[in-house]
Structures are given as C-alpha cells and as structure tokens.
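Undergrad: Residue numbers (this note's numbering): -1 to 231.
The C-beta atom is built at its ideal place from N, Cα and C for all residues, glycine as well.
Just so you know, these numbers come straight off a predicted model, no measurement behind them.
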Amino acid sequence: MDLEQFDFTDGSSVSPINVLVCDNESLFREILVAALHKEPLINVVGAVASGTEAIELVKVTTPDVVLMDIELGDGPNGIVIAAEIKNASPETGIVILSAHRDKEFLAGFLDEGTIGWSFLLKQSVADIHSLVRAIESAAAGQVTMDPAVMNDLFPRQISLLERLTHNQTEALMFIASGYADSAIAAELLIDEDLVGPLLQTIYADLHIDESGAVDQRVRATLVYLQETAQVSS
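In structure tokens form, the structure reads like this:
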C-alpha cells in the first residue's frame, strides 16, 4: 500500500493544524495538497486515495483534521470511513468534501453528529479561505456547513427566522458558518462597517439582548441551528 507522508512544517512558533487528505481523484488530491502547502498554519501530514489507507495513516500521523472525499469509489463512502476515524480518535476533526449536493449523503453526514464535522462542496474549495476556515472550525470541534447546501438541507425556515429579512437571514447563516465580519461584508457586498449595525438588527428581531452570559453572536448561532434543526433543542 503506497501511502504519501509529508512534513511541511516551516519552523513557526505557532503550532500548525496537521491535515490528512483522502480523495480518490489524484489530480484534485494533488491540487489540495499544493494549495494547503502554501498556508502557513496548515501542515499536510499525508495524502491517500482510499478509506483503508486513510484509516491506516491516521494511526501513524494522528492528524488534527482529515479532509475526506465523500465518494471513494468501491467500498464504504467517505462518511462511513470518517465516522470510523472519529470513533477511534474523537479529537480528530472531519471536513467532508462533496462534488454535488446528494441529500442521501448529507443525511448520512448529519446522522453522524456535527461536533468537529464540516461539509464543503468541492467547488467551494476553489476559495482557499473557505477551505482553511472549515479546517480551523473542524479542528476546534466546531461546525462549518457550505452555505450553498444550507437551503437544500433546511428549505423551510420557520418561527423566529420568519421575522428576518432576506439580508438578515443570509448574514445569520454566515455567522453560523463561522464567518468574520469582513467575510460577511464580502458575501453581502456591503461595507464592513455596516455589518455591526446589521447584526444588531438581527439580535433585536430575535430578542437577543446583551444581558446574557453568552455572547450575542454565539446565541444567534444557536438560534439559527435550532430553527434549522441542526442541533437538538
């Protein structure tokens, strides 16, 4: 079995996030490795083509995050392999990569739980910042969902979310996806100094005041996840 292992650490005093790439498309796998190699806080510890190889290399390299293609050809799909890795190493974050929006696969992703799991469409990987954000989120035990699949998974937003305008709902979705104010501004095509006031209108409409012990941004994220059935109430 031919396993590719790497050591791309640059001697920085900041500990990088160790990442293992598993994708059965050799060209895409090479592109991922090359792109991540340029990120100073990402260290690619290996790249493999199959789930069996991924399970084997995880034992050797103990990565912080595994980038897992959802379709690996013959044998179990990427979600099944990732779940096995997660069960053996609960601290390992998972970023599932998919070439398309298959609801059956997405349902399987949600069935595995969401702590430390992220989901990205492969076309979103063209934006390296989206990929790095998903890796960082998974490494921290958080959740990142590709905004493009949000509406596919949860087409009906009811109750509290019905109070929000389209722009407010989009902004809240980006908050829940881990976007910083600058990234939200870029997505909504507005000045960054307008994001703060927009978020304040969201907090007001959702009755999220500043008196709580939990940060407003975190509470707004929880509201969004609860109202879109991503976490249990």
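(1) Quick check: what's the CA-CA separation for Val31 versus Glu51?
(2) From the DSSP secondary-structure annotation, give me the bridge partner or partners of Phe117.
(3) Do you know offhand how far Gln198's Cα is from Asn22's?
(4) Helix, strand or coil for Gln155? Go by DSSP, reduced to three states.
(5) Rounding to the nearest angstrom, what Cα-Cα distance links Trp115 and Ser209 in this structure?
(6) Keeping to the same chain, check which residues put their C-beta closer than 8 Å to that of Gln155; ignore five residues upstream and five downstream.
(7) Mind checking Ser13: buried by the 16 CB within 10 Å criterion, or exposed?
(8) If you follow the alpha helix (DSSP H) that Leu162 is part of, which residue opens it and which one closes it?
(9) Leaving out the 5 sequence neighbours to the left and right, which residues in its chain are closer than 8 Å to Ser48 when beta-carbon positions are compared?
(10) Do Ile182 and Thr219 come within 9 Å of each other at the CB atom, strictly closer than that value?
(11) Mind reading off the beta-carbon distance from Arg217 to Ile200? Whole number of angstroms is fine, and I expect it under 8 Å.
(12) Please return the same chain residues whose Cβ sits closer than 8 Å to the Cβ of Ser135, not counting the five positions on each side in sequence.
(13) Could you name the residues of the same chain whose beta carbon sits closer than 8 Å to that of Ala169, not counting the 5 residues immediately before and after it, in chain order?
(14) Could you give the distance in angstroms between the alpha-carbon of Arg131 and the alpha-carbon of Asn85?
(15) Rounded to the nearest angstrom, how far is the Cβ of Thr59 from that of Leu18, given a contact under 8 Å?
(16) Sort out for me which residues DSSP pairs Ile40 with in a bridge.
TA: So, from the listed chains and residues:
(1) Within the sequence shown, numbered from 1, the residue matching residue 31 stands at position 33. Within the sequence shown, numbered from 1, the residue matching residue 51 stands at position 53. Cα-Cα distance, rounded: 16 Å.
(2) The count along the sequence shown starts at 1 and reaches residue 117 at position 119. DSSP lists Ile94 and Met143 as partners of Phe117.
(3) What you label residue 198 is simply residue 200 of the sequence shown in a count that begins at 1. What you label residue 22 is simply residue 24 of the sequence shown in a count that begins at 1. In this structure, the alpha-carbon of Gln198 lies about 45 Å from that of Asn22.
(4) Along the sequence shown, one-based indexing puts residue 155 at 157. Per-residue confidence for Gln155 stands at a pLDDT of 45, beneath the threshold of 50, marking its modelled position as unreliable; the derived number appears in the next sentence. The three-state secondary structure of Gln155, taken from DSSP, is coil.
(5) Translated into the one-based positions of the sequence shown, residue 115 becomes position 117. Translated into the one-based positions of the sequence shown, residue 209 becomes position 211. Between Trp115 and Ser209, the C-alpha separation is close to 31 Å.
(6) Taking the first residue of the sequence shown as 1, we reach residue 155 at position 157. Reliability fails at Gln155, whose pLDDT of 45 lies under 50, so the model's placement of it is uncertain and the value that follows must be treated cautiously. Taken in chain order, the residues that qualify are Thr167, Glu225 and Thr226.
(7) By one-based count along the sequence shown, residue 13 stands at place 15. Exposed.
(8) On the sequence shown, residue 162 is found 164 positions in, with the first residue counted as 1. Leu162 -> no alpha helix (DSSP H), and no H or E assigned at all.
(9) Taking the first residue of the sequence shown as position 1, residue 48 is located at position 50. Shown here for Ser48: same chain residues with a beta carbon closer than 8 Å to its own, the five before and five after excluded, namely Cys20, Asn22, Leu70, Gly71 and Gly73 in chain order.
(10) Within the sequence shown, numbered from 1, the residue matching residue 219 stands at position 221. Within the sequence shown, numbered from 1, the residue matching residue 182 stands at position 184. Contact annotation: Thr219 and Ile182 have beta-carbon atoms that are not nearer than 9 Å.
(11) Here residue 217 corresponds to residue number 219 of the sequence shown, with the count starting at 1. Here residue 200 corresponds to residue number 202 of the sequence shown, with the count starting at 1. No, Arg217 and Ile200 are not in contact; Cβ-Cβ is about 11 Å, not under 8 Å.
(12) As a working mapping, residue 135 is identified with position 137 in the sequence shown. Contacts found: Gly91, Ser116, Val141, Thr142 and Gly176.
(13) To locate residue 169, count along the sequence shown from 1; it is residue 171. Exclusion of the five residues before and after Ala169 leaves Ile182, Leu186, Val193, Leu196, Leu197 and Ile200 as the residues of its chain whose Cβ lies within less than 8 Å of its Cβ.
(14) Sequence index remark: in the sequence shown, residue 131 carries index 133 (1-based). Sequence index remark: in the sequence shown, residue 85 carries index 87 (1-based). Rounded to the nearest whole angstrom, the C-alpha separation of Arg131 and Asn85 is 23 Å.
(15) As a working mapping, residue 59 is identified with position 61 in the sequence shown. As a working mapping, residue 18 is identified with position 20 in the sequence shown. Cβ atoms of Thr59 and Leu18 come within 8 Å of each other, at about 6 Å.
(16) Taking the sequence shown and counting its residues from 1, one reaches residue 40 at position 42. In the DSSP assignment, the residues bridged to Ile40 are Ile15.
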